[in-house]
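The block underneath contains the structure these notes are about, expressed in structure tokens.
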Amino acid sequence: MMNNIILLPIFIPLIGAIILMLAPKKVIVQRTIALIMSFILVASDLFLLFYVKNHGITTLNIGNWRAPFGITIVADMLAALLVVTTSFVLTCVIIYSFYSIGKAREKFLYYPSVLFLIVGVNGSFLTGDIFNLFVFFEVMLMASYVLLVIGGTKIQLKATIKYLLINVVGSAFFRCRDRNFIFHDRHT
Numbered sequence: 000m001m002n003n004i005i006l007l008p009i010f011i012p013l014i015g016a017i018i019l020m021l022a023p024k025k026v027i028v029q030r031t032i033a034l035i036m037s038f039i040l041v042a043s044d045l046f047l048l049f050y051v052k053n054h055g056i057t058t059l060n061i062g063n064w065r066a067p068f069g070i071t072i073v074a075d076m077l078a079a080l081l082v083v084t085t086s087f088v089l090t091c092v093i094i095y096s097f098y099s100i101g102k103a104r105e106k107f108l109y110y111p112s113v114l115f116l117i118v119g120v121n122g123s124f125l126t127g128d129i130f131n132l133f134v135f136f137e138v139m140l141m142a143s144y145v146l147l148v149i150g151g152t153k154i155q156l157k158a159t160i161k162y163l164l165i166n167v168v169g170s171a172f173f174r175c176r177d178r179n180f181i182f183h184d185r186h187t
């Protein structure tokens, strides 16, 4: 049952992002909830780090399906350290955002996008297989696209198109590499 704590670094920002999408124009509410979620995430990630330190590598097969059919989440010391570092950086970014990006941009789903980005980052660190790494990588990319176009200036849109094209090509290479791993594993 304690293996379910591996899901907290993914579900806490996911739940926070969903809650924040319910109040898109209320900047103070968005700031408060985003900051509270980041503190909760730091606490749960530190708990995960100490749990992994004391109990070793922790694995969770979602739905009790084993690979290659199920989703495997794995927390070792490296993944736990990376997740903790991410949550600390998230907290700093949210606090810095209060003073730097402006209320006009905060109204356009800034905080939910940041939390969705963290879902992708933490999922990438904790995944136990290549396919789900690709899925979390795509979640991360979609959130980054939203963050790039917030504000909608001409320069931002031009840079976003370049970023999008580079990432589409990179994702295609990543997906081809994933396919090669699968075919190599099956000896086909």
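For the record, in the sequence shown the residue sitting at position 57 is 56 according to numbering that gives the first Met the number 0, with numbers rising by one throughout. Backbone N, C-alpha and C fix where the C-beta goes; we use that ideal spot for every residue, glycine too. Since this is a predicted model, take the numbers as computed values, not measurements.
For E105 and V26, the gap between their C-alpha atoms comes out near 6 Å. In its own chain, leaving out the 5 sequence neighbours on each side, no residue places its CB closer than 6 Å to the CB of A103. Contact annotation: L40 and I11 have beta-carbon atoms nearer than 8 Å.
Bounds of any beta strand (DSSP E) do not take in N2, whose DSSP letter is neither H nor E. Taking one beta carbon from each stretch, the segment 135-150 and the segment 161-176 have 3 or more pairs nearer than 8 Å; the two touch. Taking 8 Å as the cut-off, the Cβ atoms of Y162 and L147 count as close. For I100, the CB contacts under 7 Å within the same chain, skipping 5 residues up- and downstream, are Y109 in chain order.
By the neighbour-count criterion, in which 16 or more other beta carbons inside 10 Å mark a residue as buried, T84 falls on the exposed side.
Residue pairing by DSSP puts T57 in a beta bridge opposite A74. In the structure shown, T90 adopts helical secondary structure according to DSSP, grouped into three states. Following the DSSP letters along the chain, one finds K102 inside the alpha helix (DSSP H) bounded by residues K102 to E105. G55 and L164 have their C-alpha atoms spaced approximately 41 Å apart.
Taking the Cα of G69 as reference, the smallest distance to any Cα among M76, K153 and I61 is reached at I61. Between the alpha carbons of K24 and I5 lies a gap of roughly 32 Å. Its chain contains I149 as the residues whose beta carbon lies nearer than 7 Å to that of F107, once the 5 sequence neighbours on both sides are disregarded; these appear in chain order. Nearest neighbour of F97 by Cα position, chosen from I17, I14, M20 and L34, turns out to be L34.
For the pair L81 and G151, the Cα-to-Cα distance works out to about 32 Å. The beta carbon of T126 sits closer than 7 Å to those of I72, L132 and F135, all from its chain and outside the five residues before and after it, given in chain order. For T126, the beta-bridge partners assigned by DSSP are I72.
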